[in-house]
Amino acid sequence: MVDQTLDTPATLKSRAAEWAALPVRGVMRLLDWPMRLAQRIVGLGGMPYVFLLPNLIFFGTFVITPLIINFAFSLTGGPELFIEDRPFVGGEQYGFLFDCENALNVSTCREDRFWRGIYNTGTFVFFQVSLMILFSLITALVLNMKIRARGFFRSVFFFPVLLSPVVVALIWKWILLRDGLLNAFLTSIGLEKILFFVDPTWAMFWAVFVSIWAHMGFYTLIILAGLQAIPQDLYEAAQMDGTPRMRVFWRITLPLLWPNLLVVLVLSLIKGVQTFDEVYVLTGGGPGTATQFIVQYIYNTGFSNQVQNFGLAAAASMVLGTVLLVLTVIQLVVARRKGGI
Amino acid sequence: MADLELKSVRKAFGEVEVIHGVSLRIADGEFVVLVGPSGCGKSTLLRMIAGLEKVTEGDVLIDGDVVNDVTAAERGLAMVFQSYALYPHMSVYKNMAFGLENTRMDRVEIDRRVNRAAEMLRITPYLQRKPRALSGGQRQRVAIGRAIVRDPKIFLFDEPLSNLDAELRVTMRKELAGLHAELGGTMIYVTHDQIEAMTLADTIVVLRDGYVEQIGRPLELYNRPRNRFVAGFIGSPKMNLLDGHVAGSDGDTLTVMLAGEHTIPVPFAGGRAAPGDPVTLGIRPEHMSVVDGEDAPATIPVKVDLNEQLGGETYLYCTAAGLPQLTIHQPGQRRAQRGDALRLALETDQAHLFDGSGDALGHGRAAEHG
Numbered sequence: 001m002v003d004q005t006l007d008t009p010a011t012l013k014s015r016a017a018e019w020a021a022l023p024v025r026g027v028m029r030l031l032d033w034p035m036r037l038a039q040r041i042v043g044l045g046g047m048p049y050v051f052l053l054p055n056l057i058f059f060g061t062f063v064i065t066p067l068i069i070n071f072a073f074s075l076t077g078g079p080e081l082f083i084e085d086r087p088f089v090g091g092e093q094y095g096f097l098f099d100c101e102n103a104l105n106v107s108t109c110r111e112d113r114f115w116r117g118i119y120n121t122g123t124f125v126f127f128q129v130s131l132m133i134l135f136s137l138i139t140a141l142v143l144n145m146k147i148r149a150r151g152f153f154r155s156v157f158f159f160p161v162l163l164s165p166v167v168v169a170l171i172w173k174w175i176l177l178r179d180g181l182l183n184a185f186l187t188s189i190g191l192e193k194i195l196f197f198v199d200p201t202w203a204m205f206w207a208v209f210v211s212i213w214a215h216m217g218f219y220t221l222i223i224l225a226g227l228q229a230i231p232q233d234l235y236e237a238a239q240m241d242g243t244p245r246m247r248v249f250w251r252i253t254l255p256l257l258w259p260n261l262l263v264v265l266v267l268s269l270i271k272g273v274q275t276f277d278e279v280y281v282l283t284g285g286g287p288g289t290a291t292q293f294i295v296q297y298i299y300n301t302g303f304s305n306q307v308q309n310f311g312l313a314a315a316a317s318m319v320l321g322t323v324l325l326v327l328t329v330i331q332l333v334v335a336r337r338k339g340g341i
Numbered sequence: 342m343a344d345l346e347l348k349s350v351r352k353a354f355g356e357v358e359v360i361h362g363v364s365l366r367i368a369d370g371e372f373v374v375l376v377g378p379s380g381c382g383k384s385t386l387l388r389m390i391a392g393l394e395k396v397t398e399g400d401v402l403i404d405g406d407v408v409n410d411v412t413a414a415e416r417g418l419a420m421v422f423q424s425y426a427l428y429p430h431m432s433v434y435k436n437m438a439f440g441l442e443n444t445r446m447d448r449v450e451i452d453r454r455v456n457r458a459a460e461m462l463r464i465t466p467y468l469q470r471k472p473r474a475l476s477g478g479q480r481q482r483v484a485i486g487r488a489i490v491r492d493p494k495i496f497l498f499d500e501p502l503s504n505l506d507a508e509l510r511v512t513m514r515k516e517l518a519g520l521h522a523e524l525g526g527t528m529i530y531v532t533h534d535q536i537e538a539m540t541l542a543d544t545i546v547v548l549r550d551g552y553v554e555q556i557g558r559p560l561e562l563y564n565r566p567r568n569r570f571v572a573g574f575i576g577s578p579k580m581n582l583l584d585g586h587v588a589g590s591d592g593d594t595l596t597v598m599l600a601g602e603h604t605i606p607v608p609f610a611g612g613r614a615a616p617g618d619p620v621t622l623g624i625r626p627e628h629m630s631v632v633d634g635e636d637a638p639a640t641i642p643v644k645v646d647l648n649e650q651l652g653g654e655t656y657l658y659c660t661a662a663g664l665p666q667l668t669i670h671q672p673g674q675r676r677a678q679r680g681d682a683l684r685l686a687l688e689t690d691q692a693h694l695f696d697g698s699g700d701a702l703g704h705g706r707a708a709e710h711g
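Chains as they are written, first to last, in my numbering: chain A, 1 to 341; chain B, 342 to 711.
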């Protein structure tokens, strides 16, 4: 009588799978009774909420609660840290922020640094977003062609995205400082040094440039994905129709890429408005307040100034938050419409 | 309207040659179907004619002019794609007008052409709709309309019906045939579906692995396939191909011994086969019938595997000792159950014989004159 179990690869594989499943089974068994208990308490219809609970707790602790605390702070005044010590002032902080004699002239505002921050952020976002989309689009179009070493270039353009913003800023600072790499190059070819961080226009230029350099790869990737989603057949049909290349771009590529471009626009707007770390490390907001953005204003007001004005910083945060909320709603609407061209 | 000629056309992607010297003449107004299994190079051939793929070697001639280096647009051809390739963001009207706008044609003329094509294809009510609001069949019509408005020298179709459901495919097939009759243009049509090929074509070109296997009228291919491949590919259900060897020859009759010791005398006027040579006997499903008699010549005892009753006709799938499963087509209804023992008679004057390398040795007398 022959009775033996053969260790064929198939049985070994299934045995390995059994072993691998053991910890999972353990966890399941551990979770079994609390889940049954939960279902007995809330009923089957309530179970989705039980599963959502961990995330809700996390979101509530780190997003909703701080938001509420921040809003509460924005209604108080004084230098005290703990909210129970702070006097309630109502909308005074908001009033202070928006107290301008002439809404069109920033210098007539009582808190002109806030408005300067908004103005700087606006300028930055306008140039950064528009140029970044343009460059990302051009880069994606080139990377979508059958060029040599395409994979290599695709990675090269994406690498800066992987760097920490502080590292990016430090690298560029090293290049742009008075005795930096770029000035060394300029002097070596007989030109004069340029004090990039002393001239407000240059400082803003480099803030925009470095920010584009650091983030472009991400948006290029989104646009590239959009380009690749356009069926090749359409281009061949256009080719059979004798469509000139520019007309193919304007009449076929661009309209079909439009949903992706909208996503890129809104995402980069949101990120642009939030810009802080790169530019703070690169220029420190200077010269003067030439590159001081709204987030830096909030940071300075709340934490870095001699007199820490938590209430005012909290109020400014609420204003910024409202702007971001509007942009996010736009993004959601855009993303939802993306399905139906 | 134009004629087309391919002269020893070759295509290689890098090191790999996929079209190995295809020569072909297509007369003005002809409907030619390129047919073959997937990967046979039929679409590549069509794309080379269209100008979407470069010709590696050989010449493509339209109306006698070599067009190898002429761009797709300047060849004056129109193509209907498998995926329809409609511009999703443009209305049906815009889709059809787009190609004409490229040529800076007069608006009034564009309008006239689009409306005429729309009428012909019965899509006038949908002219302002976007493609996504159309059914598969309607999209297909728009794609054809886009080709018609350009008044091309030659229409090219790349598997245009393969995305449609079976019923719609039959309808569209009939419409395409009607359209060809109406327009009278030269049409080159690629498909893997031999029924489409049989029903639409004036001429069928059977391709396999980048080689032309046979060119001919549909019934010519059906009745006198040049080799085993064409015999098996054309016709549905497939021809039964039974391996064996020549047992003897007696003037105009060749005795074939099939695997499983079935002896079949085939009336056959070819002299190339000698006793002992391996041969394949091809017999179409409709050329076999169930007989009652015992041990008559050219009969095979079989067992029924499956009986498919379609009402008007019956397909029997049977096995015989040593042979692959046989398909028998019987008109009308026939009762038979799995496991039933039957005797099949082969209409040997309709049979085909192929030699060891698959080339046709000849066809039974009836097939020869069919």
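Every residue, glycine too, gets a C-beta built ideally from N, C-alpha and C.
Could you check whether the Cβ of V106/A sits closer than 7 Å to any heavy atom belonging to the ligand FMN?
This structure lacks the ligand FMN, and indeed carries no ligand of any kind.
Among V511/B, Q481/B, D369/B, P466/B, the one whose alpha carbon lies nearest that of Q423/B
Within the second sequence, the letter at position 82 stands for residue 423/B. If we check each option's Cα against that of Q423/B, Q481/B comes out closest.
What is the rounded straight-line gap between the Cα of T689/B and the Cα of A637/B?
Numbered from 1 along the second sequence, position 348 holds the residue referred to as residue 689/B. Numbered from 1 along the second sequence, position 296 holds the residue referred to as residue 637/B. Going by the C-alpha atoms only, they are around 13 Å apart.
Spatial distance of G601/B from D584/B (CA atoms)
For this step, residue 601/B is matched to residue 260 along the second sequence. For this step, residue 584/B is matched to residue 243 along the second sequence. Rounded to the nearest angstrom, the two C-alpha atoms are 10 Å apart.
Paired residues, beta bridge with R549/B - DSSP
Counting from one through the second sequence, the residue named residue 549/B turns up at place 208. DSSP lists Y552/B as partners of R549/B.
State the beta-bridge partners of Q650/B as determined by DSSP.
The residue labelled residue 650/B in the question sits at position 309 within the second sequence. Q650/B pairs with T655/B.
Give the range of the beta strand (DSSP E) segment to which A682/B is assigned.
As a position in the second sequence, residue 682/B is number 341, starting the count at 1. Element bounds for A682/B: 682 to 687.
Going along the chain, which residues of the stretch 236 to 248 of chain A sit with their C-beta nearer than 9 Å to a C-beta in chain B?
Within the stretch 236 to 248 of chain A, the residues whose Cβ lies closer than 9 Å to some Cβ of chain B are E236, A237, A238, Q239, M240, D241, G242, T243, P244, R247, listed in chain order.
R473/B - DSSP class collapsed to helix/strand/coil:
Translated into positions along the second sequence, residue 473/B becomes position 132. Three-state DSSP puts R473/B in a helix.
List the whole-angstrom C-beta distance separating N70/A from S317/A, where the pair is believed to meet the contact cut-off of C-beta under 8 Å.
The residue given as residue 70/A occupies position 70 in the first sequence. The residue given as residue 317/A occupies position 317 in the first sequence. Between S317/A and N70/A the Cβ distance is about 6 Å, and since that is below 8 Å, they are a contact.
Can you name, in chain order, every residue of its own chain whose Cβ lies under 8 Å from the Cβ of E111/A, other than the five neighbours on each side?
Sequence index remark: in the first sequence, residue 111/A carries index 111 (1-based). Correct list, in chain order: F96, L97, D99, L312.
Given that a residue counts as buried once 16 or more other Cβ atoms are within 10 Å of its Cβ, and exposed if not, what is P626/B?
Numbered from its first residue, the second sequence carries residue 626/B at position 285. Buried.
Give a yes or no on whether the C-beta atoms belonging to R567/B and A701/B are separated by under 8 Å.
The count along the second sequence starts at 1 and reaches residue 567/B at position 226. The count along the second sequence starts at 1 and reaches residue 701/B at position 360. Yes; because the gap between Cβ atoms is below 8 Å, this pair is in contact.
Taking DSSP's pairing of strands, which residues face N581/B in a bridge?
The sequence position of residue 581/B within the second sequence is 240, counting from 1. Answer by DSSP bridge pairing, in chain order: I624/B.
Where A16/A falls, given that 16 or more other Cβ within 10 Å makes a residue buried:
As a first step, residue 16/A is located in the first sequence; it is residue number 16 there, counting from the start. It is exposed - the Cβ of A16/A has fewer than 16 other Cβ atoms within 10 Å.
According to the neighbour-count rule (16 or more other Cβ atoms, all chains shown, within 10 Å of its Cβ), is I189/A buried or exposed?
As a working note, residue 189/A is residue 189 in the first sequence. With fewer than 16 other Cβ atoms within 10 Å, it is exposed.
Go to G217/A, then tell me how far its beta strand (DSSP E) extends in each direction, as first and last residue.
Position 217 of the first sequence, counted from the first residue, corresponds to residue 217/A. First-last for G217/A: 200 to 228, but that is the alpha helix (DSSP H), not the beta strand (DSSP E).
Can you pull the chain B residues whose beta carbon is under 7 Å from the beta carbon of I223/A, in chain order?
Start at 1 with the first residue of the first sequence, and residue 223/A comes out as number 223. What I223/A touches in chain B: nothing, since even the nearest Cβ is about 17 Å away.
Reducing DSSP to helix, strand and coil, say where E450/B ends up.
As a first step, residue 450/B must be located in the second sequence, where it is residue number 109. Three-state DSSP puts E450/B in a helix.
Consider the Cβ of G355/B: report whether some Cβ of chain A lies at a distance smaller than 8 Å.
Taking the first residue of the second sequence as 1, we reach residue 355/B at position 14. It does not: the Cβ of G355/B has no partner Cβ on chain A nearer than 8 Å.
Contact set between P231/A and chain B, taken where Cβ atoms lie within less than 8 Å:
Counting from 1 along the first sequence, the entry for residue 231/A is found at position 231. Going along chain B in sequence order, the residues near P231/A (Cβ under 8 Å) are S424, A426.
I'd like the list of long-range same chain contacts for L402/B, defined as Cβ closer than 6 Å, with 5 residues on each side in sequence excluded.
Start at 1 with the first residue of the second sequence, and residue 402/B comes out as number 61. Excluding residues within five positions, the ones whose Cβ falls inside 6 Å are E346.
Where V620/B and G526/B are concerned, what is the direct C-alpha to C-alpha distance, given to the nearest angstrom?
In the second sequence, counting from the first residue as 1, residue 620/B sits at position 279. In the second sequence, counting from the first residue as 1, residue 526/B sits at position 185. Rounded to whole angstroms, V620/B to G526/B spans 43 Å at the Cα level.
Whole-angstrom distance between F695/B and G703/B, CA atom to CA atom:
On the second sequence, position 362 is the one that residue 703/B refers to. On the second sequence, position 354 is the one that residue 695/B refers to. Cα to Cα, the separation comes out at about 7 Å.
Partner residues on chain A for G440/B, Cβ-Cβ distance less than 8 Å:
Position 99 of the second sequence, counted from the start, is the residue given in the question as residue 440/B. Within 8 Å Cβ-Cβ: M240, D241, G242, T243.
Decide yes or no for the touch test of the stretch 230 to 250 of chain A against the stretch 409 to 428 of chain B: beta carbon pairs closer than 8 Å, at least 3 of them.
yes
Label S74/A either buried or exposed according to how many other C-beta atoms from any shown protein chain fall within 10 Å of its C-beta, with 16 as the threshold for buried.
Reading the first sequence from its first residue, position 74 is the one you call residue 74/A. Label assigned to S74/A: buried.
Locate the alpha helix (DSSP H) running through R25/A, then write down its first and last residues.
Position 25 of the first sequence, counted from the first residue, corresponds to residue 25/A. R25/A: member of the alpha helix (DSSP H) spanning 9 to 42, first to last residue.
First through last residue of the beta strand (DSSP E) which encompasses G362/B:
Residue numbering aside, residue 362/B sits at position 21 when the second sequence is read from its first letter. Following the DSSP letters along the chain, one finds G362/B inside the beta strand (DSSP E) bounded by residues 357 to 367.
Per-residue contacts from L256/A into chain B (C-beta, under 9 Å):
As a first step, residue 256/A must be located in the first sequence, where it is residue number 256. Listed along chain B, the residues sitting closer than 9 Å to L256/A by beta-carbon distance are Y428, P429, H430.
Return helix, strand or coil for G84/A, following the three-state DSSP convention.
By one-based count along the first sequence, residue 84/A stands at place 84. The displayed chain sequence assigns Glu, not Gly, to residue 84/A. Note: E84/A maps to helix in three-state DSSP.
Starting from the beta carbon of I147/A, find every residue of chain B whose beta carbon is closer than 8 Å, and list them in chain order.
Mapped onto the first sequence, residue 147/A falls at position 147. In chain order: nothing, as chain B lies at least about 18 Å away.
Any idea if L37/A is buried or exposed, counting beta-carbon neighbours within 10 angstroms, 16 or more meaning buried?
Locating residue 37/A in the first sequence gives position 37, where the first residue counts as 1. It counts as exposed.
Presumed contact (8 Å Cβ cut-off) between H628/B and Q691/B, rounded CB distance:
As a working mapping, residue 628/B is identified with position 287 in the second sequence. As a working mapping, residue 691/B is identified with position 350 in the second sequence. A Cβ-Cβ distance of about 4 Å is found for the pair H628/B and Q691/B, placing them in contact under the 8 Å criterion.
With distance defined between alpha-carbon atoms, name the residue in V374/B, A459/B, M539/B, D550/B nearest to L365/B.
For this step, residue 365/B is matched to residue 24 along the second sequence. Taking only the C-alpha atoms, the option nearest L365/B is V374/B.
Partner residues on chain A for K420/B, Cβ-Cβ distance less than 8 Å
As a working note, residue 420/B is residue 79 in the second sequence. Looking at the sequence provided, one finds Met at residue 420/B rather than Lys. Those are E236, A237, M240, listed as they occur along chain A.
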